[in-house]
Amino acid sequence: MGTSIKLSDLPSRKFDGLKNSINYDILQNYATKTTSYIDDPWIDEFTTNIDNYLRNQSVSELIKNDKCCKDFNNITQNIKDKISSLVKDKGTQFFLLDKVNKWRDNFFSLHPDLKCDKQNNYWYRELNDFYDYCEDNIFIEAKIGDIQKSEECDSIIQNINQRRDALKKNQPIFQRKIGFRSIDNMPCSHTILDNTFSFITCMPSSQLVSERGPHSASHKPVHGGETLKLNNLQTIEMTKYASENEHTYFGIRRINIIMIQHKLCFNVTHYIYLIMNTILH
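If you use this note's numbering, the sequence shown corresponds to residues 3 to 283, in order.
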């Protein structure tokens, strides 16, 4: 089945690792100005943590297009806005904001190949969530087959539909504003919120197991079959059928001989005889 697509694989989640590394949510969860915040080492930790994180990442992949640039700028702008709302002392506020600005300028001076102007932003904050939805919508439509087989299929569809419902109430706003702030190479209209993913049917785990084939340890035959394992080298699946005269016979549904260590020749007829003899007695 290949690598299963996870909720964390959605394009809009690409900066989750960065946010976690800098404790972004801790800062955003400060509700009001607190005296403890001024003494909090968050800013110093921010510059250290984000440098450590980006050192181990492919920044060219993280900030690779217009939307990625806007998303990155949005994170740094949110940090500065939160600092401004929490710290009322102008001197302290300027000092903290300057540290964030200098870090950003220094980062992009070290990576001149990254094209991300500091003025490239959403302008309207609500457009961030809208374009995140558009980005994930395009991703899901391109990978419907893989997502249907994913163990997190239900979570992915539930997540995208819940976000759609939350955005739907602002659809008229998006209709007006996206004309002033589009995303390069991402065609997206406000009408995307008129659609749902109700047509996607997630495949049950039992069906996924059957599709993995006999090499899966949890594989079980379909249609009432019984699996008998002679040893670690062979697996012979047999299916039981009832005849019209109510006598029972056993038919070989599929014979799979799995070679684990050596290329050996097996007398398949002999094994069939042993299996049938075991069942009938």
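We put the CB at the ideal spot given by N, CA and C, even for glycine.
Computed from a predicted model, the values in this text were never measured in an experiment.
Cβ shell of F110 (< 7 Å), same chain only, five flanking positions each side left out
If we look at F110 and ignore the five residues flanking it on each side, its Cβ neighbours are L116 and C118.
Take R165 and list the residues in its own chain whose beta-carbon comes closer than 7 Å to its own, dropping the five residues that flank it on each side.
Answer for R165: Y135, listed in chain order.
Leaving out five residues on either side along the sequence, give the residues of the same chain with a beta carbon under 8 Å from the beta carbon of F17.
Result list for F17: L64, D73, F74 and I77, in chain order.
Evaluate D100 with the Cβ neighbour count: other Cβ atoms within 10 Å of its Cβ, from every protein chain shown; 16 or more gives buried, anything less gives exposed.
Exposed: under 16 other Cβ atoms inside 10 Å.
Cα-Cα separation between K151 and I142, rounded to whole angstroms
Each residue's alpha carbon lies about 12 Å from the other.
When V102, S62, D11 and G93 are compared against T50, the one with the closest alpha-carbon:
If we check each option's Cα against that of T50, V102 comes out closest.
Can you list, in chain order, the residues of its chain whose CB lies under 6 Å from that of H192, leaving out five sequence neighbours each side?
Excluding sequence neighbours, H192 sits near Q173, F176 and Q177.
Alpha helix (DSSP H) runs contained entirely in the segment 47-118, provided each spans 4 or more residues
Counting only runs of 4 or more residues that sit fully inside the segment 47-118, the alpha helix (DSSP H) segments are 61-64, 68-88 and 92-112, in chain order.
For N108, which option in D53, L88 and S62 has the closest C-alpha, if you only look at C-alpha atoms?
Closest in C-alpha terms to N108, from the list D53, L88 and S62, comes D53.
Give me the residue from D83, E47 and P206 with the minimum Cα distance to Y32.
Nearest to Y32 by alpha-carbon distance, out of D83, E47 and P206, is D83.
Quick one, are the C-beta atoms of I159 and C204 less than 8 Å apart?
C204 sits close to I159, with the two beta carbons spaced by under 8 Å.
Reduced DSSP category for Q121 - H, G, I as helix; E, B as strand; rest coil
Correct three-state label for Q121: coil.
Simplified DSSP state of N163, which is helix, strand or coil:
If DSSP states are grouped into helix, strand and coil, N163 belongs with the helices.
For C190, which of helix, strand or coil comes out of DSSP?
Coil, per DSSP.
Could you tell me if D167 is buried or exposed, where buried requires 16 or more neighbouring beta carbons within 10 angstroms of its beta carbon?
D167 is exposed by the Cβ-count criterion.
Answer with buried or exposed for S60, where buried requires no fewer than 16 other C-beta atoms within 10 angstroms of its C-beta.
By the 10 Å Cβ count, S60 comes out exposed.
Extent of the continuous alpha helix (DSSP H) to which S23 belongs:
D18 to S23 is the span of the alpha helix (DSSP H), which, as asked, contains S23.
Limits of the alpha helix (DSSP H) - the one that P174 falls within:
For P174, the enclosing alpha helix (DSSP H) stretches over residues Q173 to K179.
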